[in-house]
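Each number in the numbering used here corresponds to the 1-based position in the sequence shown with 274 added. Cβ coordinates follow ideal geometry from the N, Cα and C atoms, glycine included. On a predicted model such as this, the values are computed, not experimentally measured, just so you know.
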Amino acid sequence: MTGQLGVRVTEDMLEHGYKELTLPAGRDGSHRIERNALHIWPRGGFMLIALPNIDGSFTVTLFLALKGGVESFAALDSRAAVDAFFASHFPDVVPRMPGLAREFLERPVGRMGTVRADAWSAGEAAVLLGDAAHAIVPFHGQGMNACFEDCFELDRLLRSASDWRSAFEQFFQLRKPDTDAIAAMALENFLEMRDTVRDPKFMLRKELSFELERRHPERFIPRYSMVMFHHEIPYRVAFERGRTQTDVLTRLTTTADAVADIPIAQMDTLVTRLLEPLPVSAAREP
Ligand SMILES: Cc1cc2nc3c(=O)[nH]c(=O)nc-3n(C[C@H](O)[C@H](O)[C@H](O)COP(=O)(O)OP(=O)(O)OC[C@H]3O[C@@H](n4cnc5c(N)ncnc54)[C@H](O)[C@@H]3O)c2cc1C
């Protein structure tokens with residue numbers, strides 16, 4: 275879509291939607307499942323997740339195709355259909371969610387998508403930030419964080435630039451590679467959470483990534499950790515290094531079934547050859 279300013283904007287909507295439900299706190303206000311965790315029930319084409327709240331409840335989100343067959347929101351239009359779906363696919367959560375079918379039928383289905391624009395400002399008159407400029411799918415939990423980073427960087431540029439127009443232009447040049455990177459990583463995480471966490475090779479690569487981090491903390495930081503816990507590492511750097519790290523993990527696990535099968539010398543050689551130590555502060559300047 276091209277708007278009045280000649281700016282090209284695309285909105286790529288997922289064919290999956292989401293619905294938020296509640297797993298209430300126990301009688302004493304405690305969490306009824308492990309609270310220091312992101313719970314995922316991957317089921318291939320769909321998944322359920324649960325995130326802890328400070329009041330002891332969990333926000334439970336079902337990600338499911340909007341339409342097409344029995345495993346879709348369109349098919350879950352009655353109490354009987356909802357009960358049967360959860361009993362069949364998520365039997366362990368059913369006893370913990372007493373209001374499940376009622377809540378499910380009352381709550382709306384949310385849509386998710388990625389917004390990309392090839393400019394975010396109109397001269398010095400206006401600039402977009404946050405989701406208006408770069409909405410992403412929510413599978414990395416970074417949409418709001420990316421908005422805060424926008425605010426931080428725009429504030430910094432408004433103080434240093436000669437005028438607003440150039441601040442807005444620098445803002446776009448600086449942030450666009452990072453917001454494109456987190457958009458791509460959020461989409462990749464959707465597939466990872468939904469499908470690959472059930473694959474034994476995936477579990478092996480995860481275990482190996484923690485071992486490589488332990489051995490080479492300055493060179494190998496799992497991509498998820500770079501994005502979630504190292505905010506000094508820009509998204510674009512996490513994305514690029516993540517690709518190299520995946521290559522390392524794939525090479526080391528091709529013929530191995532356990533981390534113990536992989537020669538330590540081979541691990542060390544590959545990591546030191548392919549991954550430079552991370553700079554103390556990865557470049558943030560435009
Ligand atoms: C299911 C889900 C889970 C998420 N989880 C996370 C997470 O764990 N961590 C994270 O960092 N991010 C998460 N996000 C993303 C996060 O919610 C968004 O990135 C963030 O809310 C965007 O903030 P914003 O201010 O840019 O836009 P919004 O929050 O959308 O705010 C825009 C506001 O503008 C108002 N508005 C719109 N049009 C007009 C108008 N014409 N006039 C006046 N007002 C108007 C809207 O009503 C709204 O209040 C999640 C998103 C979803 C959908």
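Comparing alpha-carbon positions, which option in Pro-369, Met-371, Arg-376 lies nearest Ala-355? Arg-376
Determine the direct distance from the alpha carbon of Gly-330 to that of Met-459, and round the result to whole angstroms. 30 Å
By DSSP, does Glu-398 sit in helix, in strand, or in coil? coil
Would DSSP call Thr-453 helix, strand or coil? helix
Residue nearest to Ala-393 in terms of C-alpha spacing, selected from Arg-439, Pro-372, Leu-379: Arg-439
Since Gly-291 and Phe-347 are thought to touch, with beta carbons under 8 Å apart, how far apart are those beta carbons, to the nearest angstrom? 6 Å
Listed in chain order, which residues are found with a beta carbon closer than 5 Å to a heavy atom of ligand 1? Gly-404, Asp-405, Pro-412, Gly-415, Gly-417, Met-418, Asn-419, Cys-421
Straight-line CA distance for Ser-436 to Arg-430? 12 Å
Could you say which of Phe-378, Leu-350, Ala-391, Gly-373 lies nearest to Phe-446 if we only look at CA atoms? Ala-391
Closest to Leu-288 by C-alpha separation, out of Glu-308, Val-383, Thr-276, would be which residue? Val-383
Residue interval of the alpha helix (DSSP H) (run including Asp-429): 417 to 434
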